[in-house]
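Comments concern the structure below.
Residue numbers (our numbering): 1 to 598.
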């Protein structure tokens with residue numbers, strides 16, 4: 001591994017490829033989220049250049065796969081730095097690996113490294129992570145990150161697996177027009193076509209050595225024209241990073257990618273960086289200590305890979321991902337807003353329009369205009385009532401407890417049926433319960449598990465409605481339209497085949513949907529916060545009014561991923577949950593799907 005030292009939260013192993021019975025293998029490194037104990041250990045060295053100063057982010061279900069280019073390896077350029085930063089700052093599991101014929105993986109001899117082999121290797125890693133290969137912990141692949149030829153792998157993997165939703169694709173210094181590759185090779189190896197290939201310096205088994213690249217490998221890449229990236233799922237975001245001192249890839253390729261990817265794309269150009277994100281001139285040794293930019297001592301040049309890590313982690317940060325998805329989800333299609341303006345009701349939106357990934361029903365999506373979710377309706381104005389009637393809603397399901405409900409009189413909704421789905425046994429929630437939720441969003445995992453076991457089964461009438469009267473639009477809500485409403489929405493969408501990551505993204509929209517109601521919500525919770533501050537000693541620099549409020553009312557993507565994993569683990573999936581806890585049959589569930597998909 002060229003002297004690379006594994007970190008305290010890293011594990012090196014091999015995976016057979018393209019299947020478990022194969023003799024060929026790929027060499028992998030898994031980087032896992034850190035515990036507080038690990039982060040403070042002497043065995044976890046500080047790296048000021050990575051700026052890992054805060055406490056480690058809680059363990060999540062987010063995963064990333066990091067892939068290298070021609071002649072590269074799993075610890076090339078920014079790869080190991082990025083893995084460490086993602087684990088520390090965002091609780092992300094990541095795998096970086098050597099493709100076959102690279103690094104410490106199996107050698108393929110004269111066959112070289114084919115694109116199809118690369119995609120097979122990527123899929124082996126994807127399945128291992130998502131199926132719980134590490135200690136049974138299943139992870140949702142949240143990002144594919146590629147450098148150079150790895151960019152082609154990232155985009156082609158997604159194109160070859162359109163049934164898999166991956167929210168984020170990161171492409172660093174990638175080629176768009178394949179014919180540029182043989183043209184650039186010919187400048188250095190003018191006879192490579194007659195000789196059947198050419199030699200490059202590649203990293204194999206711990207050192208750089210001569211590696212044979214057969215003509216077939218070059219030709220297969222030379223035939224690529226990446227305009228097909230425009231077919232990638234519209235809910236997927238892309239990030240492109242190029243150095244303006246790029247010496248391998250024509251910079252026009254960045255423009256081609258940007259034009260094809262459209263508004264989903266973010267393009268970042270680093271003025272002084274080369275293809276591998278180093279400077280293009282040597283820095284005298286005596287100037288190293290004065291440089292504001294990190295120096296790669298083995299090369300004696302500026303090292304912009306730390307900046308690449310900062311850009312990628314910033315773009316993949318929860319707040320950045322949340323904002324991008326919210327802006328993209330404002331409309332179901334060009335002429336139909338997802339969010340509905342029902343005056344006096346916050347967080348009101350249509351749950352339709354999401355694409356599904358069910359093999360049995362390919363190319364389907366959730367019908368819109370049928371199911372709506374919101375926060376409480378207590379403050380709905382007469383105009384809001386007119387807005388609601390215009391949506392055709394005939395039933396409103398209310399999940400709230402009696403003590404949460406304010407007496408109302410909606411004179412304009414006399415033809416709308418109001419149905420209370422309050423569980424018969426109210427569980428008293430003590431101050432410690434609310435304090436734990438305010439202290440950390442991670443504590444919602446247990447709360448949502450409790451909803452699954454004790455509350456959601458009482459919401460069976462909603463699913464019966466979708467089975468028997470799906471042509472009649474409905475609204476359901478709790479107080480904030482976040483927890484009870486969010487988990488029911490997740491079960492509906494998951495039943496209909498919407499990918500878990502996309503279900504979690506839909507849940508996350510509530511963070512934005514509730515913001516207009518924050519002033520009223522804060523008035524309601526201030527008495528609670530007053531009691532909590534008297535009973536519990538708060539950490540220095542941490543306040544209930546800001547930090548506690550954010551934890552209580554944020555709808556985190558990671559929280560919903562954990563909830564969906566709980567259903568899969570505890571109940572063997574949503575369908576089995578609905579059958580065992582609500583008594584539905586396979587025929588019932590198939591009818592709901594037929595009614596709700598188009």
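Positions of the beta carbon are idealized from the N, C-alpha and C atoms, including for glycine.
In this text the structure is predicted, and so the values were computed from the model without any measurement.
- A residue is called buried when at least 16 other Cβ atoms come within 10 angstroms of its Cβ; residue 61 meets this threshold and is buried.
- One Cα belongs to residue 188, the other to residue 220, and the distance between them is close to 19 Å.
- Residue range 318-328 is occupied by the alpha helix (DSSP H) that includes residue 321.
- The residue from 481, 487, 467 and 465 with its alpha-carbon nearest to that of residue 454 is 487.
- Within the model, the alpha-carbon separation for residue 28 versus residue 138 is close to 17 Å.
- The beta carbon of residue 103 sits closer than 7 Å to the beta carbons of 27, 73, 74, 203 and 204 from its chain, once the five residues preceding and following it are set aside; these are given in chain order.
- Spatial neighbours of residue 440 in its own chain (CB-CB distance under 8 Å, excluding positions within 5 residues in sequence) are listed in chain order as 58 and 551.
- When only Cα atoms are considered, residue 256 and residue 224 end up about 13 Å apart.
- Ranked by how close their Cα comes to the Cα of residue 236, the residues 477, 22, 168 and 120 have 168 in first place.
- In the DSSP assignment, residue 214 falls within the beta strand (DSSP E) that extends over 207-214.
- A Cβ-Cβ distance of about 5 Å is found for the pair residue 342 and residue 348, placing them in contact under the 8 Å criterion.
- Of 161, 576 and 514, the smallest CA-CA separation from residue 126 is found for 161.
- For residue 419, the closest alpha carbon among the candidates 318, 395 and 458 is that of 395.
- Annotation: the continuous alpha helix (DSSP H) that includes residue 529 extends over 518-535.
- Note: residue 204 is bridge-paired with 103 and 207 in the DSSP secondary-structure output.
- Judged by their CB atoms, residue 154 and residue 67 are nearer to each other than the 8 Å cut-off.
- In this structure, the straight-line span from the alpha carbon of residue 70 to that of residue 7 is close to 26 Å.
- Exclusion of the five residues before and after residue 585 leaves 579 as the residues of its chain whose Cβ lies within less than 8 Å of its Cβ.
- For residue 168, the enclosing beta strand (DSSP E) covers residues 168-172.
- Contact between the segment 512-525 and the segment 496-504 is absent, with fewer than three C-beta pairs closer than 8 Å.
- For residue 406, the closest C-alpha among the options 479, 230, 232 and 525 is that of 479.
- If only complete runs of 3 or more residues are kept, the segment 389-434 shows the beta strand (DSSP E) at 395-398 and 417-420, in order along the chain.
- Residue 512 sits in a helix when the DSSP states are folded into three classes.
- Taking C-beta atoms as the reference points, residue 466 and residue 305 fail to come closer than 8 Å.
- The continuous alpha helix (DSSP H) containing residue 120 extends over residues 115-130.
- In the assembly as shown, residue 450 is an exposed residue. Its beta-carbon has fewer than 16 other beta-carbons within 10 Å.
- Here residue 195 carries a helix assignment [DSSP, helix/strand/coil].
- Looking at the DSSP output, residue 474 shares a beta bridge with 371 and 395.
- Bounds of any beta strand (DSSP E) do not take in residue 233, whose DSSP letter is neither H nor E.
- In the DSSP assignment, residue 143 falls within the unbroken beta strand (DSSP E) covering 140-147.
- Taken atom to atom, the span from the alpha-carbon of residue 457 to that of residue 581 is near 6 Å.
- Per DSSP, residue 270 is not a residue of any alpha helix (DSSP H); the beta strand (DSSP E) it occupies stretches across 265-270.
- Judged by beta-carbon spacing, residue 332 lies beyond the 8 Å limit of residue 314, meaning their Cβ atoms are not closer than that value.
- Separation of the CB atoms of residue 403 and residue 476 is rounded to 19 Å, and the pair is thereby denied contact status at 8 Å.
- For residue 337, the three-state secondary structure derived from DSSP is strand.
- Collapsing the DSSP output to three states places residue 220 in a helix.
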